[in-house]
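Reading through the structure tokens given below for one structure.
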Amino acid sequence: MNHLILSIRALPLLLSILVSSLLVQTAYSIKDFNLYHICPNTSKTYKNDTPFDTNLDKLLNLINSTTPSKNEHGFWKGSSGTSPDEAFGMGLCRGDVSNTTCRKCIINATRDIAIDCHHSKAAIVWRDFCSVKYSNYSFFGQIDTRNKVYMWNTANATDPVKFNSTAIELLRELSKNASDSEYMFARGEASFNNVTIYAMGQCSRDITRGNCKICLDCAVNELPGIVSVNGTLKSIPVGGRTITGTCNVRYEKYRFLKD
């Protein structure tokens, strides 16, 4: 079976950290699993039973209870407490999943973030069906491209030029459609020579439609695993995604989205 390569990059200030590893799940899994987490503010921590600890606990409970509700449509942002101990956070579910699936994913994500980034004042965790992010400062309305996850399939397309042009054209269209849509989510497919590419684009709904388009376009431009030599395209993976703190894009040769 082909596996996905996982590459993670966080850019706090001018520091760039690049890590690569193999993801255990196969490329054909559509189950929810923990993709990765980043705890960027490692120098800023909190102790148990402090005001920030209490506020963060309340905030994560709010994300748990509110994000999956029918009224919120898989997205919620808010805060708990007052300065200087206020905690800000948001939860986002993938636009194709049900409220039940969203709820399960958010519960797992808040559990993951509490364990993986314990005592960190800022953190983000990505799962396949959702993400949760919190900080000790308000990040609402800001494009977050410092926190990124890259994933791609180790199998390459047999016709890289046609596959690339079809995938990029589809993703560009979805970038526009997502930024124009009410819930900032779009899905679609495109075919050539009996090959079908499935794709999606999504933004967190705290940013403007214009910034959503900017974020998604940048994510498309940074899709991993594409190899060019002297300006000539040599290979492109049959699946890949760029996930940031505010948007994500993905394409595959199989149906990975829920009906």
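Here the sequence shown stands for residues -29 to -1, 1 to 230, where the numbers follow mature numbering (1 follows the signal peptide of the UniProt record, and there is no 0).
Glycine is no exception: its CB is placed at the ideal position from the N, C-alpha and C atoms.
Among all the DSSP beta bridges, which residues are the ones paired with residue i?
i	result
residue 63	46 and 102
residue 204	199
residue 221	171 and 212
residue 17	Paired residue(s): none; residue 17 is not in a bridge.
residue 8	96
residue 127	208
residue 91	16
residue 158	171
residue 149	Answer by DSSP bridge pairing: none, since residue 149 is not bridged.
Mark residue i as exposed unless 16 or more other C-beta atoms lie within 10 angstroms of its C-beta, in which case mark it buried.
i	result
residue 241	Since the first residue shown for the chain is -29 and the last is 230, residue 241 is missing from the structure and cannot be characterised.
residue 234	A question about residue 234 goes unanswered here, because the residues of the chain that appear run from -29 up to 230.
residue 8	buried
residue 110	buried
residue 151	exposed
residue -6	Its pLDDT being 32, under 50, residue -6 is placed unreliably in this model, and the coordinates cannot settle the point.
residue 112	exposed
residue 200	exposed
residue 210	buried
residue 124	buried
residue 130	exposed
residue 18	exposed
residue 245	Lying before the first or after the last residue shown, residue 245 is absent from the chain, which here runs from -29 to 230.
residue 100	buried
residue 23	buried
residue 163	exposed
Just how far apart, CA to CA, sit residue i and residue j?
i	j	result
residue 194	residue 142	11 Å
residue 227	residue 219	14 Å
residue 172	residue 180	13 Å
residue 108	residue 56	9 Å
residue 58	residue 6	24 Å
residue 229	residue 44	15 Å
residue 157	residue 46	15 Å
residue 91	residue 15	6 Å
residue 102	residue 202	36 Å
residue 183	residue 87	28 Å
residue 122	residue 48	26 Å
residue 54	residue 20	17 Å
residue 196	residue 139	14 Å
residue 78	residue 95	14 Å
For chain B, is any of its Cβ atoms less than 9 Å away from the one on residue i?
i	result
residue 170	The question asks about chain B, but that chain is absent: this structure has only one protein chain.
What whole-angstrom Cβ distance do residue i and residue j have, given they're in contact under 8 Å?
i	j	result
residue 186	residue 217	5 Å
residue 207	residue 127	6 Å
residue 74	residue 3	11 Å between Cβ atoms; not a contact.
residue 105	residue 60	4 Å
residue 11	residue 118	7 Å
residue 169	residue 225	7 Å
* Counting Cβ pairs, one atom from each stretch, are 3 or more of them under 8 Å apart for the stretch 20 to 34 and the stretch 66 to 74? -> Contact between the stretch 20 to 34 and the stretch 66 to 74 is absent, because fewer than three Cβ pairs lie under 8 Å.
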